[in-house]
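Colleague:
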Amino acid sequence: MRVALDAMGGDHAPRELVMGAVAAARELGVEVVLVGPTARIHDELQAAGGGSLPIRVLDAPEVIGMAEAPAMALRRKRQASILVAVEALRRGEADAVVSAGNTGAAMAAALLTLGRIEGIDRPAIAAVLPTLRGRAILVDVGANVDCRPKHLLQFAIMGSVYASRGLGIPQPRIGIMSNGVEETKGNELVIQAAELLRGSGVNFIGNVEGRDFFGGAADVVVCDGFVGNLLLKFGEGLALGIFTLLREELSRGLFVRLGVLLATPRLRALARRMDYTEHGGAPLLGVNGICIITHGSSKAKAIRNSIALAAESVRARMVDTIRADIERLSHPRPLVSPGGAPPVREAGGTAGKAELPLSQGTPADA
Numbered sequence: 001m002r003v004a005l006d007a008m009g010g011d012h013a014p015r016e017l018v019m020g021a022v023a024a025a026r027e028l029g030v031e032v033v034l035v036g037p038t039a040r041i042h043d044e045l046q047a048a049g050g051g052s053l054p055i056r057v058l059d060a061p062e063v064i065g066m067a068e069a070p071a072m073a074l075r076r077k078r079q080a081s082i083l084v085a086v087e088a089l090r091r092g093e094a095d096a097v098v099s100a101g102n103t104g105a106a107m108a109a110a111l112l113t114l115g116r117i118e119g120i121d122r123p124a125i126a127a128v129l130p131t132l133r134g135r136a137i138l139v140d141v142g143a144n145v146d147c148r149p150k151h152l153l154q155f156a157i158m159g160s161v162y163a164s165r166g167l168g169i170p171q172p173r174i175g176i177m178s179n180g181v182e183e184t185k186g187n188e189l190v191i192q193a194a195e196l197l198r199g200s201g202v203n204f205i206g207n208v209e210g211r212d213f214f215g216g217a218a219d220v221v222v223c224d225g226f227v228g229n230l231l232l233k234f235g236e237g238l239a240l241g242i243f244t245l246l247r248e249e250l251s252r253g254l255f256v257r258l259g260v261l262l263a264t265p266r267l268r269a270l271a272r273r274m275d276y277t278e279h280g281g282a283p284l285l286g287v288n289g290i291c292i293i294t295h296g297s298s299k300a301k302a303i304r305n306s307i308a309l310a311a312e313s314v315r316a317r318m319v320d321t322i323r324a325d326i327e328r329l330s331h332p333r334p335l336v337s338p339g340g341a342p343p344v345r346e347a348g349g350t351a352g353k354a355e356l357p358l359s360q361g362t363p364a365d366a
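According to UniProt numbering, the stretch in the sequence shown is residues 1 to 366, in order.
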């Protein structure tokens, strides 16, 4: 298993990313391909004690910054680390790619280099978030700010596969984000997409309100990338705010501090459930290859877990299963549960390599 890591992407590159790669190679037994300027990456690798581990360096002298326009940057910087990493996946030198860099550049590089799975119009970013009932998938969280109803249907199919193969949920419950649970609620996009979902054969349970997502009302919730990114970042900010207020209140008074001391193990367990670094990154579903996009502020722990997610996604044959389920959807018989079809070849999808959909704008930074 070989995972290519864009070692120059993100706020803490390359040091924290190299440290995460070292942890992954040591603990997970995967081979990591660090993509970036050779001399600098080798120096960081030696400093992190990874010289004897199954890690190799692939030279990429250029970097796409977080604020750069993806399409222009990819045209100008043909040796950018994210592009070289995705090219390694296309050539078979890696089984998956992980990037904490410019989200739009990562998505565009994957779309242009690997192409879409046949039957998928728009790849989508799927985030796993904690809920009161465990975990749930929110898709899309930033790749497509404007969508059509059929795109949300495709997101539901891909999210269902991810929930089944990635989270081990046998019959994922699919919901659509709306401003009310009634079928008449929502804008035209939601109402029309819900109608498609009801007739698709997926396990569609109806509309899900924002307040019910974290209660675990569904295993997969679909929405356009604008709504999904807002919900994702609102959830991150709310969790941070609650923990900050809790820390302030629990530091007041001797008896309160004694109580905190007794409750420390449970508080730490709660913090782990809410910590995005525990869940790794978010897969870009719908392209012909495993691409994991992780938070720009990711440090070593999050990078290690993102590499783990990439390896798990390859082993689960995520691309094969999405391709098979999309094919079933195009036939008149009902869609069966994710993973029910015999596996097909991972590589060589017939969908052409797409041109970057500039009309949909720069994907939000997930």
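Glycine residues also receive a C-beta, built at the ideal position from the N, C-alpha and C atoms. The structure presented is a predicted model; accordingly, all values stated were derived computationally and were not measured.
1) Would you mind listing the alpha helix (DSSP H) stretches within the segment 288 to 328 that are 4+ residues and don't spill past its ends, in chain order?
2) Leaving aside the five residues before and after L45 along the sequence, list all residues of the same chain whose C-beta is less than 6 angstroms from its C-beta, in chain order.
3) Go through its chain and collect everything with a Cβ distance to L358's Cβ below 7 angstroms, but skip five positions before and after it.
4) Quick check on DSSP: helix, strand or coil for R26?
5) With H, G and I counted as helix, E and B as strand and the rest as coil, what does DSSP make of F213?
6) Under the rule that 16 or more other beta-carbon atoms within 10 Å means buried, what is S306, buried or exposed?
7) Does the segment 118 to 127 touch the segment 148 to 167, meaning 3 or more C-beta pairs lie closer than 8 angstroms?
8) Just to check my reading of the structure: A126 and A282 have Cβ atoms closer than 8 angstroms, yes? What is that Cβ distance to the nearest angstrom?
9) If you draw a straight line from the C-alpha of P54 to the C-alpha of R317, how long is it?
10) State the DSSP-derived secondary structure class of V336, mapped to helix, strand or coil.
11) So, for I41: in the same chain, excluding its five sequence neighbours on each side, which residues have a beta-carbon less than 7 angstroms away from its beta-carbon?
12) Measuring straight from C-alpha to C-alpha, what distance separates R247 and R116?
13) Helix, strand or coil: how does DSSP classify V40 here?
14) What residue from V161, S297 and L245 has the CA that sits closest to residue 373's CA?
15) What does the alpha-carbon distance come out to for the pair K299 and A23?
16) Please report how far the alpha carbon of N229 lies from the alpha carbon of D95, in whole angstroms.
17) T184 by DSSP, collapsed to three states: which one?
18) Answer with buried or exposed for S251, where buried requires no fewer than 16 other C-beta atoms within 10 angstroms of its C-beta.
19) Counting only runs of 4+ residues fully inside the segment 81 to 131, write out the alpha helix (DSSP H) ranges in chain order.
20) At the level of alpha carbons, what is the spacing between L129 and V84?
21) If I measure Cβ to Cβ from I290 and keep anything under 6 angstroms in the same chain, skipping five residues before and after, which residues do I get?
22) Using the C-alpha atoms, what's the distance from V86 back to V287?
23) Given that a residue counts as buried once 16 or more other Cβ atoms are within 10 Å of its Cβ, and exposed if not, what is T184?
Modeller: Here's the rundown:
1) Complete alpha helix (DSSP H) runs here, min 4: 300 to 315.
2) Counting from 1 along the sequence shown, the entry for residue 45 is found at position 45. The residues V18, in chain order, have a CB closer than 6 angstroms to that of L45 in the same chain once the five nearest residues on each side in sequence are set aside.
3) Here the question's residue 358 lines up with position 358 in the sequence shown. Low confidence applies to L358: its pLDDT is 33, below 50, so where it sits in the model is not reliable enough to give any reading.
4) Numbered from 1 along the sequence shown, position 26 holds the residue referred to as residue 26. DSSP places R26 in helix when its eight states are reduced to three.
5) Here residue 213 refers to the residue found at position 213 when the sequence shown is read from its first residue. Of the three classes helix, strand and coil, the one that applies to F213 here is helix, per DSSP.
6) Translated into the one-based positions of the sequence shown, residue 306 becomes position 306. Buried, because 16 or more other Cβ atoms sit within 10 Å of the Cβ of S306.
7) Contact check between the segment 148 to 167 and the segment 118 to 127: three or more CB pairs, one atom from each, fall below 8 angstroms, which counts as touching.
8) Taking the sequence shown and counting its residues from 1, the one referred to as residue 126 is at position 126. Taking the sequence shown and counting its residues from 1, the one referred to as residue 282 is at position 282. About 6 angstroms separates the beta carbons of A126 and A282, which is inside the 8 angstroms limit, making them a contact pair.
9) If you number the sequence shown from 1, residue 54 lands on position 54. If you number the sequence shown from 1, residue 317 lands on position 317. When rounded, the distance between both Cα atoms is 23 angstroms.
10) In the sequence shown, the residue the question calls residue 336 occupies position 336. The predicted model places V336 with a pLDDT of 45, which falls under 50 and marks its position as unreliable, so this point remains unresolved.
11) Counting from 1 along the sequence shown, the entry for residue 41 is found at position 41. For I41, same chain residues with a beta-carbon under 7 angstroms away, outside a window of 5 residues either side, are A7, P14, V18, L34 and V57 in chain order.
12) Residue numbering aside, residue 247 sits at position 247 when the sequence shown is read from its first letter. Residue numbering aside, residue 116 sits at position 116 when the sequence shown is read from its first letter. A straight-line Cα-Cα distance of about 46 angstroms links R247 and R116.
13) Locating residue 40 in the sequence shown gives position 40, where the first residue counts as 1. Per the sequence shown, the amino acid found at residue 40 is Arg instead of Val. The three-state secondary structure of R40, taken from DSSP, is helix.
14) The structure shown does not extend to residue 373, since the chain is modelled only from 1 through 366, so no value can be given for it.
15) To locate residue 299, count along the sequence shown from 1; it is residue 299. To locate residue 23, count along the sequence shown from 1; it is residue 23. In this structure, the straight-line span from the alpha carbon of K299 to that of A23 is close to 12 angstroms.
16) Here residue 229 is taken as the residue at index 229 of the sequence shown, counted from 1. Here residue 95 is taken as the residue at index 95 of the sequence shown, counted from 1. Distance between the alpha carbons of N229 and D95 is about 28 angstroms.
17) Here residue 184 corresponds to residue number 184 of the sequence shown, with the count starting at 1. Looking at T184 - three-state DSSP - the assignment turns out to be coil, as it is neither helix nor strand.
18) As a working note, residue 251 is residue 251 in the sequence shown. So S251 ends up on the exposed side.
19) The qualifying runs are 81 to 91 and 103 to 114.
20) Here residue 129 is taken as the residue at index 129 of the sequence shown, counted from 1. Here residue 84 is taken as the residue at index 84 of the sequence shown, counted from 1. The straight-line gap from Cα to Cα measures roughly 30 angstroms.
21) Start at 1 with the first residue of the sequence shown, and residue 290 comes out as number 290. Taken in chain order, the residues that qualify are A96, A310, S313 and V314.
22) As a first step, residue 287 must be located in the sequence shown, where it is residue number 287. As a first step, residue 86 must be located in the sequence shown, where it is residue number 86. Taking the straight line from one Cα to the other gives about 11 angstroms.
23) In the sequence shown, the residue the question calls residue 184 occupies position 184. By the neighbour-count rule (16 or more Cβ atoms within 10 Å), T184 is not buried but exposed.
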